[in-house]
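*Asks:* Here it is, the structure, as structure tokens.
Residue numbers (the numbering used here), protein chains in the order written: chain A, 7 to 494; chain B, 140 to 204.
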């Protein structure tokens, strides 16, 4: 037993307790379990949306990115901001349509808009394929945090199992209410801890922010600006654009829009969330502070920068407090993903093969699926080995493929047909898969100008998706026109 | 006042096109490298822009209970 463990254990217990208490006095129908009865006000919606942004990726990946790569990490601050701008215009119509039609999942939205169960199945499959890496990411982060912050007393494997059991248990009982309640504890702690670390560490080691950046510029010239090649300006701009479009396509983020009780709640959040994002700035400060203090971490280990520096700087009990915060940053998003994945399987896959199933059966099945999805994620976590950012980027490219057909469906007169939407999504997702599996990028085409070589390859998948969508939609409309004329 | 919505384009220009013109480490602004200071300034301005759009948007009054 060391000084850090009691704090980490307390965080796990707190999450469990809040998660259970959250269901009190509510009859946990599917409506309550998945979308909180569509009755959440500004604060809960804010916390749910923010809860999915301040994840272990922010905590470990954000600081690790700044530590290992420097300026390219700034992209994280940009894409969120732009996504919030989009959200002001894009989310209220989605919310209204979901409320009018009693939708539970993102796939439901496509089913209704395009009047096609099959499209719903396709979207649900893409969603699940993207969410599993996201959940793996949270579990992996949880394991790292508990192992490092607990000074090795608890192995990462054991931590992952304990975390998975806790989150699956409270999600089964309380659903999204549990996520909302635990996110109150999580956001309070992450705000305090990250701001403290981001201010204290630069002062402690360098005497101030300016002195820290001057020292970094001295030791590693060009580290705080974008490099001329590789993760250059062209990489930066294309990645910011792509991830800003994909941001709200994450099925669990999309579903948390449904919990809002009015559209104004969503619009208010578009003002506050950019400011709240600035917490990331302090995460970057921690990474930059670590870069000269705990040098030598490479590859996947850059994600350890924050904790290595914390262990070097603080007493074990305080490392435990930081670890406790880290545990909560894994559990809250993990719980949202579990709810969403289970809802998708029960509501969009099971219902597609068994259309006579009623809401009660679907609700019961969704809850039973929670431990199963958690188990699958634990399996991949213990087997896989990629670094946190790489995993997340693949999931991001997958969900971004839903953007074109979603945006078209919001227009007054949708030019995309159901076949076009399906073909576009399939073409885009296949491109992502080929690119990820073969490791292809523009750098393998030396005849391209270097600016083009640096572009995010996801742009290609989105372009393929868009072109296929338009062509197939046009073809279907042309084919339908003479038939209709003949019928008349 | 629907035209005020077009203000929302500005953050996109500032954060996607803007970096091409401000990709430099110095001068440090409030201790931040110039590029990072530019981004932080625009995050703050974006929040302000969204507040202006919100205030001018009649939809937010219709929704009030």
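We put the beta carbon where it would ideally sit given N, CA and C, even for glycine.
How about residue 202/B: is its C-beta nearer than 7 Å to some C-beta of chain A?
*Replies:* Interpretation of residue 202/B is limited by its pLDDT of 49, a score under 50 that renders its predicted location unreliable; no figure is taken from the coordinates.
*Asks:* Output needed in chain order: residues of the stretch 204–232 of chain A with a Cβ under 9 Å from some Cβ in chain B.
*Replies:* Within the stretch 204–232 of chain A, 208, 214, 215, 216, 217, 218, 219, 220, 222, 223, 227, 228, 229, 230, 231, 232 place their CB atoms closer than 9 Å to a CB of chain B, listed in sequence order.
*Asks:* On the DSSP letters alone, give me the boundaries of the alpha helix (DSSP H) that residue 424/A sits inside.
*Replies:* 424–444
*Asks:* Determine the burial state of residue 424/A: buried for a count of at least 16 other Cβ atoms within 10 Å of its Cβ, exposed for fewer.
*Replies:* buried
*Asks:* Counting only C-beta atoms, is residue 164/B closer than 7 Å to chain A at any point?
*Replies:* yes
*Asks:* Considering residue 313/A, what are the terminal residues of the alpha helix (DSSP H) in which it resides?
*Replies:* 311–319
*Asks:* Quick one: complete alpha helix (DSSP H) runs, 4+ long, within the stretch 269–352 of chain A?
*Replies:* 269–283, 285–299, 311–319, 322–350
*Asks:* What whole-angstrom Cβ distance do residue 172/A and residue 337/A have, given they're in contact under 8 Å?
*Replies:* 7 Å
*Asks:* Determine, using beta carbons only, whether residue 152/B comes closer than 7 Å to chain A.
*Replies:* Cβ-Cβ to chain A under 7 Å: no for residue 152/B.
*Asks:* Quick check: is the beta carbon of residue 246/A nearer than 7 Å to any beta carbon in chain B?
*Replies:* yes
*Asks:* So which of 328/A, 235/A, 367/A has the shortest CA-CA distance to residue 460/A?
*Replies:* 235/A
*Asks:* From residue 387/A to residue 145/A, what does the alpha carbon distance come to, in whole angstroms?
*Replies:* 7 Å
*Asks:* Please compile the residues from chain A whose C-beta is within a distance smaller than 7 Å of the C-beta of residue 143/B.
*Replies:* Residues of chain A passing the Cβ test: none, with the nearest at roughly 12 Å.
*Asks:* In angstroms with no decimal places, state the Cα-to-Cα distance between residue 316/A and residue 145/B.
*Replies:* 45 Å
*Asks:* Go to residue 354/A, then tell me how far its alpha helix (DSSP H) extends in each direction, as first and last residue.
*Replies:* Segment: none, residue 354/A is in no alpha helix (DSSP H) and carries neither H nor E.
*Asks:* Are the C-beta of residue 146/B and some C-beta of chain A separated by less than 7 Å?
*Replies:* no
*Asks:* Please tell me whether residue 281/A has its Cβ less than 7 Å away from any Cβ of chain B.
*Replies:* yes
*Asks:* By Cβ distance, which residues of its chain are closer than 7 Å to residue 225/A, with the 5 residues on each side in sequence left out?
*Replies:* 298
*Asks:* Could you work out which residues of chain A lie near residue 190/B, taking near to mean beta carbons separated by less than 8 Å?
*Replies:* Simply 277.
*Asks:* Rounded to the nearest angstrom, what separates residue 166/B and residue 218/A at their Cα positions?
*Replies:* 14 Å
*Asks:* Can you give me, in chain order, the residues of the stretch 38–51 of chain A that have a beta carbon less than 8 Å from any beta carbon in chain B?
*Replies:* none
*Asks:* Kindly say whether residue 161/B, judged by its beta-carbon, lies nearer than 7 Å to any beta-carbon of chain A.
*Replies:* Among the residues facing chain A, residue 161/B is not included, as its CB has no counterpart in that chain under 7 Å away.
*Asks:* Counting contacts by CB-CB distance shorter than 7 Å, is residue 80/A in contact with chain B?
*Replies:* yes
*Asks:* Around the C-beta of residue 63/A, are 16 or more other C-beta atoms found within 10 angstroms, so that it is buried, or is it exposed?
*Replies:* Of the other Cβ atoms in all chains shown, 16 or more fall within 10 Å of the Cβ of residue 63/A; this residue is therefore buried.
*Asks:* For residue 46/A, which three-state DSSP category applies?
*Replies:* strand
*Asks:* What's the gap between the Cα of residue 15/A and the Cα of residue 228/A?
*Replies:* Approximately 42 Å between the Cα atoms of the pair.
*Asks:* Just checking my contact of residue 100/A with residue 263/A at CB under 8 Å: how many whole Å lie between their CB atoms?
*Replies:* Contact holds; Cβ gap of about 6 Å.
*Asks:* Is residue 70/A near residue 308/A, with beta carbons less than 7 Å apart?
*Replies:* Result yes, Cβ atoms of residue 70/A and residue 308/A sit closer than 7 Å.
*Asks:* Residue 188/A and residue 257/A - do their beta-carbons sit closer together than 7 Å?
*Replies:* no
*Asks:* Is residue 483/A close to chain B? Criterion is C-beta to C-beta, closer than 7 Å.
*Replies:* no
*Asks:* Can you tell which of 8/A, 82/A, 121/A, 304/A has its C-alpha closest to the C-alpha of residue 427/A?
*Replies:* Out of 8/A, 82/A, 121/A, 304/A, 121/A has the C-alpha closest to the C-alpha of residue 427/A.
*Asks:* Could you tell me the boundaries of the alpha helix (DSSP H) in which residue 70/A lies?
*Replies:* Segment 69–75, the alpha helix (DSSP H) holding residue 70/A.
*Asks:* Please return the same chain residues whose Cβ sits closer than 6 Å to the Cβ of residue 323/A, not counting the five positions on each side in sequence.
*Replies:* 9
*Asks:* According to DSSP, simplified to helix, strand and coil, what is residue 408/A?
*Replies:* coil
*Asks:* I'd like to check one pair, residue 231/A with residue 77/A: are the Cβ atoms closer than 7 Å?
*Replies:* yes
*Asks:* Taking just the CA atoms, how far does residue 211/A sit from residue 136/A?
*Replies:* 40 Å
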